[in-house]
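Novice:
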Amino acid sequence: MRDQALFASGLLVEKIGGPSVKPPQPSGLWEAVGYTSSNTAKFQADTGAEKVHRRSLYIFWKRTSPPPQMTITDAPSRESCTVRRERTNTPLQALLLMNEPQYVEASRALAQRALKQGGESVEGRLVYLFRLVTSRRPESNELAALSAGLRDLLEHYRKEVGAAKDLVAQGETKADPAIDPSELAAWSMIANAVLNLDEVVTKG
Amino acid sequence: MDPVSERIEQLTRRHFFSRTGIGLGAAALSSLIAAETRADSTAQGGLPTLPHFAPKAKRAIYLHMNGGPSQMDLFDYKPTMAEWFDKDLPDSIRKGQRLTTMTSGQSRFPVAPSKYKFQQHGQAGTWVSELLPHTAKMVDDLALIQTVWTEAINHDPAVTYICTGNQLPGRPSLGSWLSYGLGTMNRDLPAFVVMTASWSSKKDAQALYNRLWSAGPLPSKHQGVALRATGDPVLYLSNPAGVDHATRRRMLDTLNTLNQREFETISDPETQARIAQYEMAFRMQTSVPDLIDIKGEPKRVLDLYGPDVETPGTFARCCLLARRLAERDVRFIQIFHRGWDQHGNLTGDLPMQCKDVDQAGYALITDLKQRGLLEDTLVIWGGEFGRTIYCQGKLTKDNYGRDHHPRCFPTWMAGGGIKPGVVHGETDEFSYNVVKDPVHIHDMNATILHCLGIDHRRLSFKYQGLDVRLTGVEDHGPVKGILA
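Note that the protein sequences, when read in sequence, are chains A and B.
Letter 47 of the first sequence, counting from 1, is numbered 73 in our numbering, and no numbers are missing.
Letter 22 of the second sequence, counting from 1, is numbered 90 in our numbering, and no numbers are missing.
As structure tokens, then:
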């Protein structure tokens, strides 16, 4: 799912091979459980998009405290064979997909991609964004829901320019300064919604 | 669970229709949906057959002392050991039983009598060491088991055993079983909450593992949710900068509209479950900050827990939060307190560990009692094994170390379903072997399930071709001597 969000937004680094990487994770996770004197007692995140946006299989794995972006979505513990993943559906997954910094960054990058590559019309851009993530065109009632949401969010962020700037400033990569922050912020929240669709996070 | 319905549960409806084509009539479909959603609404997500009988406790709080507290320095009074100072542990006691590799190479196994004074307390006359003065005040509320035992001799298998009923990793933890079997009583908080407290002994503490509160093969909504002392109390709880509550609401409204449309097209109840989980996440963004905000607690309550309660992450703060979670009907709350692994410098480190938990544990019981919550809340205190009477490393009158000892260790329980003011089981004069009423880990877990209205033999889950149970396959059962 992480790879999918990074890929759809154009952030994924697809380089093959090389050492493991440590994308950011909330502080204190290793300290809470790990041996106090081990060489992985303290977590230090990597910096640089070429590292933190690599595919998830390159993420460094500490077995007593595996990366939360992976375990919340039920990555196997790697302590025994896993023939089949269980179906899961938890509020923690919702929080991860809405709020984890890399998903937030992917939402902004996806929004930016839609604004720059999706043509001139709002509708065309929404269709493009939706297709990038779901591989299909939205139905008319879906498009209507997205348009209505976007309209409200635009109205909000045009009034709250500071909040818009805060939202689009997050992540390892920078937002395109040529794009109005209020517009980008509103589109980022729409991208965030699309990346959270049940259809998008469910296989099959 | 019925294997047929379990199979259906694992097979997604989407897969089913993608293979068969949407050829079924709407009537058949609606009956399928009705069957699947019915269990959820009546039992709050638990199994329809549970509880098996009227529960005495609705919820439980487990205070886990990680590392192996030294029983003969805390609860298991062995006065004759004073005469055995620096004498070798008799072979008739050890009986060739295995030792860890940390002491198996020692040329001698000299007895280290406890340095601490013991006194009898309460109506029950329970012996308690001077290291636990607050616990001593509440012995008439406790059932103290002197004789819990385990087969595991090292931390990783032992703590995995005590948390999941199996030494091998991968089984559901106790809290996950309770969430799976009994469901949730609070729609705004998880059913199983875990806290990892800070600790005071200076020695490197043993590691914990996220799998100790994992759901194993059970659906992951039953896994323990860690409540953190730093940063977001629940991972990724906060909206990103620039997104306020109303903006998140607007985004969710858009998301729900689209998901609802998907449900109307495909009719997979999992889509509705998804909508519900996003709504719960949104509610948690309010309910969790409210839970951890202790500003409204009166001074007399804070004083009860002691000065540590002011510091987030301490055992005292965790105990106060445990009471707040119990008040909110969270099914199972587990606090892990590390640092109880006194291989050396026991008399330096053990008092600090006791100071961390003694007053706070007393405060928790007292606080629950004052609110009328103790009668239907089960509280459990204990480690994953005990420690040896013989000394590891250098022995003096004032200081010593103790190795792991699986053959007997103390655990106390209190509250719903438990007979107060009893001491159960006896060990020999070396606190080495059980001489009366052994309580295996499985017996202890069966007791916990019993208090919550569950017959441990009838709570199972199909996994790897087995009907897996928390209490294994051998003949075990609740400890009648401590049941009310």
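C-beta: ideal position from N, C-alpha, C; glycine also.
Measure the alpha-carbon distance for Leu250 (chain B) versus Thr73 (chain A) and round it to whole angstroms.
Specialist: On the second sequence, residue 250 (chain B) is found 182 positions in, with the first residue counted as 1. On the first sequence, residue 73 (chain A) is found 47 positions in, with the first residue counted as 1. Near 45 Å, if we compare the C-alpha coordinates of Thr73 (chain A) and Leu250 (chain B).
Novice: Which ranges does the alpha helix (DSSP H) cover as unbroken runs of at least 4 residues, wholly within the region 360-409 of chain B, from first to last along the chain?
Specialist: 367-373 and 383-395
Novice: Is Leu200 (chain B) near the ligand MN, judged by its Cβ being under 7 Å from some heavy atom?
Specialist: Ligands are entirely absent from the displayed structure, and the ligand MN is therefore not among its contents.
Novice: In terms of residue numbering, what span does the alpha helix (DSSP H) encompassing Tyr129 (chain A) cover?
Specialist: Counted from its first residue, the first sequence places residue 129 (chain A) at position 103. Where Tyr129 (chain A) is concerned, the enclosing alpha helix (DSSP H) stretches over Pro127 to Gln143.
Novice: Which same chain residues, not among the five before or five after Phe498 (chain B), have their C-beta less than 6 Å away from its C-beta?
Specialist: Against the second sequence, residue 498 (chain B) aligns to sequence position 430. Result list for Phe498 (chain B): Ile161 and Ile457, in chain order.
Novice: Excluding the 5 residues preceding and the 5 following Ser266 (chain B) in the sequence, name in chain order all residues of the same chain whose CB lies nearer than 7 Å to its CB.
Specialist: Against the second sequence, residue 266 (chain B) aligns to sequence position 198. Excluding residues within five positions, the ones whose Cβ falls inside 7 Å are Gly381 and Thr382.
Novice: Ala171 (chain A) and Leu326 (chain B) - do their beta-carbons sit closer together than 8 Å?
Specialist: As a first step, residue 326 (chain B) is located in the second sequence; it is residue number 258 there, counting from the start. As a first step, residue 171 (chain A) is located in the first sequence; it is residue number 145 there, counting from the start. The answer is yes: Cβ separation under 8 Å.
Novice: Are the C-beta atoms of Ser106 (chain A) and some chain B residue less than 8 Å apart?
Specialist: Counted from its first residue, the first sequence places residue 106 (chain A) at position 80. Yes, because at least one Cβ of chain B sits closer than 8 Å to the Cβ of Ser106 (chain A).
Novice: If contact means a Cβ-Cβ distance below 7 Å, which residues of the region 167-198 of chain B contact chain A?
Specialist: none
Novice: Taking 8 Å as the threshold, find out whether the region 112-119 of chain B comes into contact with the region 422-441 of chain B through three or more Cβ pairs.
Specialist: In the pairwise beta carbon analysis, the region 112-119 of chain B is classified as not touching the region 422-441 of chain B: fewer than three pairs are separated by under 8 Å.
Novice: Taking Cβ-Cβ distances shorter than 9 Å, what residues in chain B pair up with Ile98 (chain A)?
Specialist: In the first sequence, counting from the first residue as 1, residue 98 (chain A) sits at position 72. By Cβ distance, chain B contributes Ser288, Leu303 and Tyr304.
Novice: Is the beta carbon of Val47 (chain A) closer than 8 Å to that of Ile85 (chain A)?
Specialist: Translated into the one-based positions of the first sequence, residue 85 (chain A) becomes position 59. Translated into the one-based positions of the first sequence, residue 47 (chain A) becomes position 21. Against a cut-off of 8 Å, the Cβ pair of Val47 (chain A) and Ile85 (chain A) comes out as a contact.
Novice: For chain B, check one thing: does any of its Cβ atoms lie closer than 8 Å to the Cβ of His79 (chain A)?
Specialist: Position 53 of the first sequence holds residue 79 (chain A). Chain B contact via Cβ: absent.
Novice: Confirm, please, whether the CB-CB distance from Leu179 (chain A) to Arg318 (chain B) is below 8 Å.
Specialist: Start at 1 with the first residue of the second sequence, and residue 318 (chain B) comes out as number 250. Start at 1 with the first residue of the first sequence, and residue 179 (chain A) comes out as number 153. Closer than 8 Å, so yes.
Novice: Which residues in chain B sit within 7 Å of Gln196 (chain A), going by Cβ to Cβ distance?
Specialist: The residue labelled residue 196 (chain A) in the question sits at position 170 within the first sequence. By Cβ distance, chain B contributes Pro308 and Ala309.
Novice: Check whether the Cβ atoms of Val447 (chain B) and Met420 (chain B) sit closer than 8 Å, and answer yes or no.
Specialist: In the second sequence, the residue the question calls residue 447 (chain B) occupies position 379. In the second sequence, the residue the question calls residue 420 (chain B) occupies position 352. The answer is no: Cβ separation not under 8 Å.
Novice: Examine chain A for any beta-carbon lying closer than 8 Å to the beta-carbon of Ile101 (chain B), and answer yes or no.
Specialist: Along the second sequence, read from residue 1 onward, the residue named residue 101 (chain B) stands at position 33. Only weak support is given to the placement of Ile101 (chain B): the predicted model assigns it a pLDDT of 41, under 50, and the value that follows is read from those uncertain coordinates. Not one chain A Cβ lies under 8 Å of Ile101 (chain B).
Novice: Where does Arg537 (chain B) land, buried or exposed, given buried means 16+ other C-beta within 10 angstroms?
Specialist: Counted from its first residue, the second sequence places residue 537 (chain B) at position 469. So Arg537 (chain B) counts as buried.
Novice: What are the uninterrupted segments assigned as beta strand (DSSP E) that are 3 or more residues long and contained completely in the region 129-200 of chain B, given in chain order?
Specialist: Qualifying beta strand (DSSP E) stretches, in chain order: 186-189 and 194-197.
Novice: Quick check: the Cα distance between Pro506 (chain B) and Asp256 (chain B), rounded to an integer number of angstroms?
Specialist: Counted from its first residue, the second sequence places residue 506 (chain B) at position 438. Counted from its first residue, the second sequence places residue 256 (chain B) at position 188. Going by the C-alpha atoms only, they are around 41 Å apart.
Novice: Closest Cβ-Cβ distance between Thr322 (chain B) and chain A: below 8 Å?
Specialist: Locating residue 322 (chain B) in the second sequence gives position 254, where the first residue counts as 1. With 8 Å as the cut-off, Thr322 (chain B) counts as an interface residue toward chain A.
Novice: Buried or exposed for Ile42 (chain A), please, with buried defined as at least 16 other CB atoms from any protein chain shown within 10 angstroms of its CB.
Specialist: For this step, residue 42 (chain A) is matched to residue 16 along the first sequence. Exposed is the call here.
Novice: Taking the beta strand (DSSP E) that Ser528 (chain B) belongs to, which residues open and close that run?
Specialist: Stepping through the second sequence from its first residue, residue 528 (chain B) is reached at position 460. Taken as a continuous stretch (DSSP letters only), the beta strand (DSSP E) holding Ser528 (chain B) covers Ser528 to Tyr531.
Novice: Closer than 9 Å by beta-carbon distance: list the chain A residues that pair up with Arg537 (chain B), in chain order.
Specialist: In the second sequence, residue 537 (chain B) corresponds to position 469, counting from 1. Within 9 Å Cβ-Cβ: nothing; Arg537 (chain B) doesn't reach chain A, min ~19 Å.
Novice: Could you give the distance in angstroms between the alpha-carbon of Met140 (chain B) and the alpha-carbon of Asn222 (chain B)?
Specialist: On the second sequence, residue 140 (chain B) is found 72 positions in, with the first residue counted as 1. On the second sequence, residue 222 (chain B) is found 154 positions in, with the first residue counted as 1. Rounded to whole angstroms, Met140 (chain B) to Asn222 (chain B) spans 19 Å at the Cα level.
Novice: Which partner residues of Cys231 (chain B) appear in the DSSP bridge assignment?
Specialist: Start at 1 with the first residue of the second sequence, and residue 231 (chain B) comes out as number 163. Answer is none; Cys231 (chain B) lacks a bridge partner.
Novice: Counting along the chain, where does the alpha helix (DSSP H) carrying Phe156 (chain A) start and finish?
Specialist: Sequence index remark: in the first sequence, residue 156 (chain A) carries index 130 (1-based). Here the alpha helix (DSSP H) through Phe156 (chain A) covers Val148 to Thr160.
Novice: The region 213-242 of chain B: which residues have C-beta closer than 9 Å to a C-beta of chain A, in chain order?
Specialist: Along the region 213-242 of chain B, going in chain order, the ones with a CB nearer than 9 Å to a CB of chain A are Leu236, Pro237 and Gly238.
Novice: Using a Cβ-Cβ distance cut-off of 8 Å, determine whether Thr199 (chain A) contacts chain B.
Specialist: In the first sequence, counting from the first residue as 1, residue 199 (chain A) sits at position 173. No, Thr199 (chain A) lies away from the interface with chain B (no Cβ there is under 8 Å from its Cβ).
Novice: Please check the pair Ala140 (chain A) and Ser214 (chain A), which I expect to be a contact at CB under 8 Å, by giving their CB distance rounded to whole angstroms.
Specialist: Within the first sequence, the letter at position 114 stands for residue 140 (chain A). Within the first sequence, the letter at position 188 stands for residue 214 (chain A). Actually they are not in contact, since the Cβ atoms of Ala140 (chain A) and Ser214 (chain A) sit about 10 Å apart, beyond 8 Å.
Novice: Taking buried to mean at least 16 other C-beta atoms within 10 Å of its own C-beta, is Ser282 (chain B) buried or exposed?
Specialist: Here residue 282 (chain B) corresponds to residue number 214 of the second sequence, with the count starting at 1. Result: buried.
Novice: Put Glu317 (chain B) into one of helix, strand or coil per three-state DSSP.
Specialist: Indexing the second sequence from 1 puts residue 317 (chain B) at position 249. The sequence shown places Arg at residue 317 (chain B), rather than the Glu named in the question. In the structure shown, Arg317 (chain B) sits in a helix (DSSP, three-state: H, G or I).
Novice: Alpha carbon to alpha carbon, how far is Thr160 (chain A) from Val262 (chain B)? Give it in angstroms, no decimals.
Specialist: For the purposes of this step, residue 262 (chain B) is taken as the residue at position 194 of the second sequence. For the purposes of this step, residue 160 (chain A) is taken as the residue at position 134 of the first sequence. Whole-angstrom Cα-Cα distance: 36 Å.
Novice: Using only alpha-carbon positions, find the residue among A:Leu83, A:Ala212, A:Pro94 and A:Asp202 that is nearest to Pro127 (chain A).
Specialist: Here the question's residue 127 (chain A) lines up with position 101 in the first sequence. Answer by Cα proximity: A:Pro94.
Novice: For a contact meaning CB atoms closer than 9 Å, what does Ser53 (chain A) contact in chain B?
Specialist: Counting from 1 along the first sequence, the entry for residue 53 (chain A) is found at position 27. Going along chain B in sequence order, the residues near Ser53 (chain A) (Cβ under 9 Å) are Thr298 and Gly299.
Novice: Rounded to a whole number of angstroms, what is the C-alpha to C-alpha distance between Gly60 (chain A) and Tyr373 (chain B)?
Specialist: Your numbering for residue 60 (chain A) matches position 34 in the first sequence. Your numbering for residue 373 (chain B) matches position 305 in the second sequence. Computed Cα separation, rounded: 27 Å.
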